[in-house]
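Inspection log for the structure reproduced underneath, given as structure tokens.
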Amino acid sequence: MSKTALLLVTSYCALAAPAWAATASATASESAITDSAATEAAEADAAQQSGGAAAKPAQELFSTGVAKGRDRLDSATSTSALRGDDITLLGPRPIGEVLRTMAGLRVATSIGEGNNNYTVRGLPLAAGGSKYMQIQEDGLPLLEFADLFNVGADVYLRNDLTVNAIETIRGGSASTFASNSPGGLINVLSRTGDVEGGAVQFTTGLDFDTKRVDFTYGGKLGENTRFHIGGFYRQGEGPRNNGFDGWKGGQVKFNITREFENGYVRLYLKYLDDRSPTFAPYFANITGTNANPRIRSFPGFDLRDDTILSSFLGPVITLDQNNSPAAFPVATGQSAESKSIGLEAQFEVAGWTITERMRYAANGGDFSRGFPNTANTVSAFAAGQGGAGAFARYASGPLAGQLINPNGLINGNGLLSLYFFSFVRARSLDNFTNDVRASKVWELPDGKLTTTLGAYLATQDLNTTWLHTAMNIDANGNNGTAQVDIFNAAGQPQTLNGYFAFARATSLFRRAFDVNYRVFAPYGSVNYQFGKFAIGGSLRYDTGRVRGSLVGADLNNGSVGLITQDINRDGVINPAENRVAFLPFTQPGAVNYNYGYLSYSGGINYRAAEPFSLFARYSKGARANADKVLFTPLINNATGGIRSNTDKQDNVKQLEGGFKFRKDGFTFNATAFRVTAADHNVINGAANRTDRRYRATGIEMEGGVHRGPFSLMIGATYTKAKITRDLLDPTLTGKEPRHQPDWTFFATPSVDLGRAVIGASIAGVTKSFAQDSNLLVMPGFTTVDLFGHVKLFKGGSLQVNANNVFNTLGIFEVNQASVPANGIGFARAINGRTISASFRFDF
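Residues -21 to -1, 1 to 822 (mature numbering (1 follows the signal peptide of the UniProt record, and there is no 0)) are what the sequence shown spells out, left to right.
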């Protein structure tokens, strides 16, 4: 796979060579200071709504994570951007899948619409979400902490026709122009109605069940007022065989802008109510050796197309947040709800550019998922729960009550499994953010001095309850999964209607959080541009106030978390009813601590010629440890304090340097980096706490070629990462972090034939280790997506998207640390091939 990455990069460099030879010397010019988001929106809107290709400005203005919007060649940062048409051609895909086509990012997208994993430059993915990169919408974070357990920031973000651009910054000034983003920023920018017109798009799955409608419209309400409204609604089973509507819901976004002689004011509104399924590691046949394993689907269950979710499963029966019996539908998936209102304003006052951004979001929802514990043959599984001579019967589905042959290959695989089902109720993930800054350009005899002062204020609620149940199931794909009861040799039931426990077998992870985070951060920057040079630096000081309470036996404060209760009220206690999880509200734990840390960044940029620049930068930032230190020994349950200041945040230091080239339709950027980071975490699906130090070095490259009708976007990142110290398990010191490939790469070639555009999106990763013990290797893989867009008549067009066209079995996660002796394991794979068609009418 590394040869594939090298071939892509080498072929690109060969194409770019003529432009390098033609480089002419020119003096660097200071970029215009503008509302870059609005400028780019106008360009993209005009191209999109007229059906043409996206405009290619002479200067690529970039505004995310910097003091002022400026040309990328004048900035000592490593940045990337996707514009409207490029995003639309990829189809109505989840935002995580779109981000796989952006340079420098490592994105694991097989979980579902949200709760995917994001990182950059070898920063660890010990758990889920996006710990070191903040995910923003229109310049403000969706959640202050993008890796909250079970509710990552991307669950409140959707890709539709309202998206005008996606900007990312890796390293650089991200640590000083946003809180909790030492690794970088992902910023999704909305359309703002610069050009009158709109579109309606209808999408249907050709080989899977989905129906979706998107709409977008913008225009003027007067000479100085414009607006934009858009959104989508969808319904259908989704990309896997659920047996019910996994996708159901949508969003509406609206903004209105009033322009004045010296600035503008913009109001944002958003309503999201959308459901999508969550996928997990499923049954995998793992054979071969650790260094060269063979990972396959079992007969009767395809890792690419199937899921344990079915209409014969559930509900999730457990005690609710009030310790009362309750039943929740398995189909809940990621049911995200968000209502937000935002304000953006920018004015020129006495030579200063004042920019204000504010948003309040009421976030909540319910989030369910199933994840595996054990799997085995029918006879071995039954004996594990019921002892020698135990047997199994179906508890649900069309075979309910029937005896299962202990030596037969039911469903073609002969497997039974214990799965835990979590049901997280997010009563409040509300947040308020406000970012105000003032910038001024001072004309000096030898150059220009840009100064910026700002202040950031945010509050973030964490009011969630974790509920669990445990089910015995078979391994039957295509909406066939059913629950199974186990009986001992005497015929006495060991489970109740397929439920092994009304808990996660023990009291672990039944928790209630009621915590509030307040963040305040003043910041400032200075940038001096003289001749071909620009030197800049920035500082930020984050302070946080954390207050709240926790409930759960995991606090290890002597509270009881597992009780006996007659769940079905039949007067008989089944063994499963001896395993009922309980919230001990009379013994809460306190959360009461403050934190503070300094971030800084300094860089130099040399505009050697009009098309070419060099830069270098050193940055230090940090990420406050939010829920990952709660329910750990780091918190004193009586006082709520953290035992050591070093445990309050994880520091990240980055040294980077590179070059940027842009001329005559060619672009090529390369950045070498060295990163060190600390990480306090809890590994997903387990009670294993981690406290580690990491180091990563590498190089990230991206480029583009535009020649007549032909275009190619390409990117690759090489990373070598190491656990330099594990404070809890010294045997892991010196190992490579799990799931960290040496290479990630993508290429998007396309050809514009006038009435038609055809192309492909190719993305891949090389091999990596399944676990930090560095035994079992996960094979690398490459996926190919195809797209075609045809203009049928004026305003009407047809687009076809084929994702994973070769139906590649790509593995993002394996639970086992080595090849299991019986060949039975669990793996999380990308979705199989899905093909959709979209008809669009522009007006």
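Even glycine gets a Cβ: it sits at the ideal position worked out from N, Cα and C.
Thinking A484 and A449 are a contact (beta carbons under 8 Å), I'd like their distance in whole angstroms, please. Reading the sequence shown from its first residue, position 505 is the one you call residue 484. Reading the sequence shown from its first residue, position 470 is the one you call residue 449. The pair is a contact, with the Cβ atoms about 5 Å apart (cut-off 8 Å).
Which residue or residues does DSSP assign as beta-bridge partners of I542? Translated into the one-based positions of the sequence shown, residue 542 becomes position 563. Per DSSP, the beta-bridge partners of I542 are V559.
Which listed residue (I814, G733, Y339 and P377) has its alpha carbon closest to that of N413: In the sequence shown, counting from the first residue as 1, residue 413 sits at position 434. The residue with the shortest Cα to Cα distance from N413 is Y339.
Assign Q471 to one of three DSSP states: helix, strand, or coil. Within the sequence shown, the letter at position 492 stands for residue 471. Coil.
Alpha carbon to alpha carbon, what distance is there between N571 and G620? Position 641 of the sequence shown, counting from 1, holds the residue named residue 620. Position 592 of the sequence shown, counting from 1, holds the residue named residue 571. Going by C-alpha positions, G620 is about 5 Å away from N571.
Taking three-plus beta-carbon pairs below 8 Å as touching, is the stretch 53 to 72 in contact with the stretch 223 to 234? No, the stretch 53 to 72 does not touch the stretch 223 to 234.
If you compare alpha carbons, which of T723, T727, G733 and F411 is closest to P688? If you number the sequence shown from 1, residue 688 lands on position 709. Nearest C-alpha to P688: G733.
Residue interval of the beta strand (DSSP E) (run including E123): Translated into the one-based positions of the sequence shown, residue 123 becomes position 144. Looking at the DSSP string, E123 is not in any beta strand (DSSP E), and its letter there is neither H nor E.
Quick one: using the 10 Å Cβ neighbour count with 16 as the cut-off for buried, is F822 buried or exposed? As a working note, residue 822 is residue 843 in the sequence shown. Counting the other CB atoms within 10 Å of its CB gives F822 a total below 16, which places it among the exposed residues.
If contact is defined by three or more beta carbon pairs under 8 Å, each pair taking one atom from either stretch, is the stretch 149 to 167 in contact with the stretch 176 to 188? Taking one beta carbon from each stretch, the stretch 176 to 188 and the stretch 149 to 167 have fewer than 3 pairs nearer than 8 Å; the two do not touch.
Where do the ends of the beta strand (DSSP E) carrying F181 lie? Position 202 of the sequence shown, counted from the start, is the residue given in the question as residue 181. Note, F181: beta strand (DSSP E), G176 to G184.
How far does the alpha helix (DSSP H) with residue 856 in it reach, from first residue to last? Past the edges of the chain, shown from -21 to 822, lies residue 856, and the structure says nothing about it.
Can you find the residues in the same chain that come closer than 6 Å, C-beta to C-beta, to T646, ignoring five residues on each side of it along the sequence? Stepping through the sequence shown from its first residue, residue 646 is reached at position 667. Setting aside the 5 residues that flank it on each side, T646 is surrounded in the same chain by G682 and G683, each with a C-beta closer than 6 Å to its C-beta; the list follows chain order.
Please state whether DSSP places S303 in a helix, a strand or coil. Here residue 303 corresponds to residue number 324 of the sequence shown, with the count starting at 1. Taken through DSSP and simplified to helix, strand or coil, S303 comes out as coil.
Check each candidate in S797, T141, G759 and D281 and name the one with the smallest Cα separation from residue 835. With the chain represented from -21 up to 822, any question about residue 835 goes unanswered, as that position is not in the structure.
Rounded separation between Y697 and M81 - CA only: In the sequence shown, residue 697 corresponds to position 718, counting from 1. In the sequence shown, residue 81 corresponds to position 102, counting from 1. Rounded to the nearest angstrom, the two C-alpha atoms are 14 Å apart.
Roughly how far, in whole angstroms, is the beta-carbon of D139 from the beta-carbon of I114, given that I think they are within contact range, below 8 Å? Locating residue 139 in the sequence shown gives position 160, counting from the first residue. Locating residue 114 in the sequence shown gives position 135, counting from the first residue. 16 Å between Cβ atoms; not a contact.
Going by Cα to Cα distance, which pick from H447, Q750, L562 and Q795 is closest to A105? Taking the sequence shown and counting its residues from 1, one reaches residue 105 at position 126. Of H447, Q750, L562 and Q795, the residue nearest in Cα terms is Q750.
Do G568 and L534 have their beta-carbon atoms positioned less than 8 Å apart in this structure? Numbered from its first residue, the sequence shown carries residue 534 at position 555. Numbered from its first residue, the sequence shown carries residue 568 at position 589. Result yes, Cβ atoms of L534 and G568 sit closer than 8 Å.
Residues near Y373 by beta carbon distance below 7 Å, same chain, minus five either side: Here residue 373 corresponds to residue number 394 of the sequence shown, with the count starting at 1. Here the set comprises A379, G380, Q381, I383, A461 and V463.
Please confirm if the stretch 304 to 322 is in contact with the stretch 247 to 257, defined as three or more CB-CB distances below 8 Å between the two stretches. Verdict: yes, contact present.
Cβ pair Q439, Y496 closer than 8 Å: Counting from 1 along the sequence shown, the entry for residue 439 is found at position 460. Counting from 1 along the sequence shown, the entry for residue 496 is found at position 517. Inclusion of Q439 and Y496 in the CB contact set at 8 Å is warranted, their separation being smaller than that value.
Rounded C-alpha distance that separates F194 from A735: Residue mapping note: residue 194 aligns to position 215 of the sequence shown, counting from 1. Residue mapping note: residue 735 aligns to position 756 of the sequence shown, counting from 1. In this model, F194 and A735 are separated by some 22 Å (Cα to Cα).
Roughly how many whole angstroms lie between the Cα atoms of A555 and R348? On the sequence shown, residue 555 is found 576 positions in, with the first residue counted as 1. On the sequence shown, residue 348 is found 369 positions in, with the first residue counted as 1. Taken atom to atom, the span from the alpha-carbon of A555 to that of R348 is near 20 Å.
Between the beta-carbon of V530 and the beta-carbon of A491, is there less than 8 Å? Along the sequence shown, read from residue 1 onward, the residue named residue 530 stands at position 551. Along the sequence shown, read from residue 1 onward, the residue named residue 491 stands at position 512. Yes, the Cβ-Cβ distance between V530 and A491 is below 8 Å.
Same chain only: Cβ atoms within 8 Å of P799, ignoring 5 sequence neighbours per side: Start at 1 with the first residue of the sequence shown, and residue 799 comes out as number 820. Cβ neighbours of P799 beyond the five flanking positions: I265.
Count the other C-beta atoms from every protein chain shown that fall within 10 angstroms of the C-beta of K699, then say buried if there are 16 or more, exposed otherwise. Residue mapping note: residue 699 aligns to position 720 of the sequence shown, counting from 1. Exposure of K699 is indicated by the presence of fewer than 16 other C-beta atoms within 10 angstroms of its C-beta.
At what residues does the beta strand (DSSP E) containing A781 begin and finish? Here residue 781 is taken as the residue at index 802 of the sequence shown, counted from 1. The continuous beta strand (DSSP E) containing A781 extends over residues G775 to N782.
When you compare each of N557, D50, A649 and L68 to L765 by their alpha carbons, which one comes out closest? The count along the sequence shown starts at 1 and reaches residue 765 at position 786. Comparing Cα positions, the closest option is L68.
Could you give the distance in angstroms between the alpha-carbon of A405 and the alpha-carbon of N506? The residue labelled residue 405 in the question sits at position 426 within the sequence shown. The residue labelled residue 506 in the question sits at position 527 within the sequence shown. Between the alpha carbons of A405 and N506 lies a distance of about 43 Å.
Using a threshold of 8 Å, state whether the C-beta atoms of G582 and F594 are closer than that. Looking up residue 582 in the sequence shown gives position 603. Looking up residue 594 in the sequence shown gives position 615. A contact, by the Cβ cut-off of 8 Å.
Is T611 helix, strand or coil by DSSP? Here residue 611 corresponds to residue number 632 of the sequence shown, with the count starting at 1. T611 falls in the coil class under three-state DSSP.
Opening and closing residue of the beta strand (DSSP E) in which D64 lies: Against the sequence shown, residue 64 aligns to sequence position 85. Per DSSP, D64 belongs to no beta strand (DSSP E); it is in the alpha helix (DSSP H), G63 to L68.
For the putative contact between R100 and R62, defined by C-beta atoms under 8 Å, what is the C-beta separation to the nearest angstrom? Residue 100 sits at position 121 when you count from the first residue of the sequence shown. Residue 62 sits at position 83 when you count from the first residue of the sequence shown. The pair is not a contact, with the Cβ atoms about 24 Å apart (cut-off 8 Å).
Quick check: the Cα distance between G804 and R273, rounded to an integer number of angstroms? Translated into positions along the sequence shown, residue 804 becomes position 825. Translated into positions along the sequence shown, residue 273 becomes position 294. Separation of G804 and R273 (C-alpha to C-alpha, rounded to the nearest whole angstrom) is 12 Å.
Integer-rounded CB distance, given that R622 should sit under 8 Å from L609: Indexing the sequence shown from 1 puts residue 609 at position 630. Indexing the sequence shown from 1 puts residue 622 at position 643. Not really, about 13 Å apart at Cβ, beyond 8 Å.
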